[in-house]
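Enquirer: Residue numbers (my numbering): 19 to 408. Quick reminder that beta carbons are idealized off the backbone N, C-alpha and C, glycines included. Every value quoted in this text rests on a predicted model; they were computed, and no experiment measured them.
1) Along the chain, which unbroken stretches of the alpha helix (DSSP H) at least 4 residues long are found entirely within the region 312 to 355?
2) With DSSP collapsed to three states, give me the class of residue 135.
3) Relative to the C-alpha of residue 353, which candidate in 209, 49, 281 has its C-alpha closest?
4) Within this structure, are the beta carbons of residue 109 and residue 34 separated by less than 8 Å?
5) How big is the Cα-Cα spacing for residue 335 and residue 358?
6) Are there 16 or more other CB atoms within 10 angstroms of the CB of residue 38, so buried, or fewer, so exposed?
7) Along the chain, where does the beta strand (DSSP E) that runs through residue 290 open and close?
8) Judging by CA-CA distance, which residue of 228, 273, 236 is the nearest neighbour of residue 254?
9) If we ignore side chains and look at the alpha-carbon of each, how far apart do residue 267 and residue 126 end up?
10) So for residue 140, helix, strand or coil by DSSP?
11) According to DSSP, is residue 220 helix, strand or coil?
12) Near residue 95, what residues of its chain come up, given a Cβ to Cβ distance below 6 Å and the 5 sequence neighbours on each side ignored?
13) Excluding the 5 residues preceding and the 5 following residue 342 in the sequence, name in chain order all residues of the same chain whose CB lies nearer than 6 Å to its CB.
14) Suppose you measure from the CA of residue 91 to the CA of residue 324; what does that come to, to the nearest Å?
15) Contact check, residue 305 vs residue 221 under 8 Å by CB: the rounded distance?
16) According to the Cβ coordinates, are residue 234 and residue 245 closer than 8 Å?
17) Short check: CB of residue 128 to CB of residue 294, under 8 Å?
The following block contains the structure:
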């Protein structure tokens, strides 16, 4: 049995989740639990967060589940985490996201793949004009660059480390699935199957298509209203026409792996490193998704990254559970949470290895400088929000 850390100052890594299902998947990574109820290490005065601490491999990690989704909630949680655990050098926002069907370099993105952020774009930052919402130009300029040590690691992964990371994720995912079974977890983290990975044409709307008497019958364009009931139904129940599905090479390959009994190959995700769009609005439109991808060159869509990015040394690590379109369903959420958690562990190992060899992480002094920059830019952002940018 390992020796527990003496205090909160001995933790340098954190995993933050916004949804219970994300936290459930991430908690499977814990090899030895130090504190489940917060009594052992406590928290800073005024911090309302609830923490679970434990050992992941050889690294002590603090886990945090936010009380709700959203940027503002994430920012408040980040503030408490920063004060209670002041020596954090790597914070991984881990969970699920919507995905762009294609990465910026043209690779197919399929359900279960994982996105790691190089930057976070606030896609709902802009101006509401009479003719519609205008996203602020260069909205990424309002957010803060990665600390040097994390940027070094991301650069290394982009340059030559991605294949090795993906191989490690493949192994960790299998270990996570076995641990979930051994612990008799309520949720299943199995791959849902390639046949359930369906991408419809961006302009094909999820609605009642079969002789419905509801408002769906009057929907002729993407901006026309549809009934609330149809949003909760699977495509098979609404009559979505499979002739409008986009044929995808990677999905066909995964289906072939399944037929050959090569399940480990079928479920292995790819890891994409790029920009992530973050906002308080759920993107549920294929056409809106494609416009955001074209404008900002993003590969994922989520709701908390912008709240953490400027407050902590953070990377967004999220599994793709839908294509950010009107056909999104929940059937891939658990598996996507598992692939994200597996990638988080692989990244922690990568970070620790780079620290040992002096390649990536900087000194505590450099981390403190980064946090000072965060505070300075956050204060400037608050000043702008109070009216100076009008």
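Expert: Once the coordinates are examined:
1) 323 to 327
2) Reading the chain shown from its first residue, position 117 is the one you call residue 135. Residue 135 falls in the strand class under three-state DSSP.
3) The residue labelled residue 353 in the question sits at position 335 within the chain shown. It is 209 whose Cα lies nearest to the Cα of residue 353.
4) If you number the chain shown from 1, residue 109 lands on position 91. If you number the chain shown from 1, residue 34 lands on position 16. Yes, these two residues count as a Cβ contact at 8 Å.
5) Position 317 of the chain shown holds residue 335. Position 340 of the chain shown holds residue 358. Those two C-alpha atoms are separated by around 6 Å.
6) Position 20 of the chain shown holds residue 38. That one is exposed.
7) For this step, residue 290 is matched to residue 272 along the chain shown. 289 to 296 is the extent of the beta strand (DSSP E) around residue 290.
8) To locate residue 254, count along the chain shown from 1; it is residue 236. Ranking 228, 273, 236 by Cα distance to residue 254 puts 228 first.
9) Residue mapping note: residue 267 aligns to position 249 of the chain shown, counting from 1. Residue mapping note: residue 126 aligns to position 108 of the chain shown, counting from 1. Their backbone Cα atoms lie some 8 Å apart in a straight line.
10) For this step, residue 140 is matched to residue 122 along the chain shown. DSSP places residue 140 in strand when its eight states are reduced to three.
11) Locating residue 220 in the chain shown gives position 202, where the first residue counts as 1. The answer is coil: DSSP assigns residue 220 none of H, G, I, E or B.
12) Mapped onto the chain shown, residue 95 falls at position 77. Only 67, 84 meet the Cβ criterion.
13) As a first step, residue 342 must be located in the chain shown, where it is residue number 324. Only 116, 301, 307, 319 meet the Cβ criterion.
14) Working through the chain shown from its first residue, we reach residue 91 at position 73. Working through the chain shown from its first residue, we reach residue 324 at position 306. Their backbone Cα atoms lie some 11 Å apart in a straight line.
15) In the chain shown, residue 305 corresponds to position 287, counting from 1. In the chain shown, residue 221 corresponds to position 203, counting from 1. About 6 Å separates the two Cβ atoms, so the contact holds.
16) Your numbering for residue 234 matches position 216 in the chain shown. Your numbering for residue 245 matches position 227 in the chain shown. Yes, the pair counts as a contact, with Cβ atoms nearer than the cut-off.
17) As a first step, residue 128 is located in the chain shown; it is residue number 110 there, counting from the start. As a first step, residue 294 is located in the chain shown; it is residue number 276 there, counting from the start. Not a contact, by the Cβ cut-off of 8 Å.
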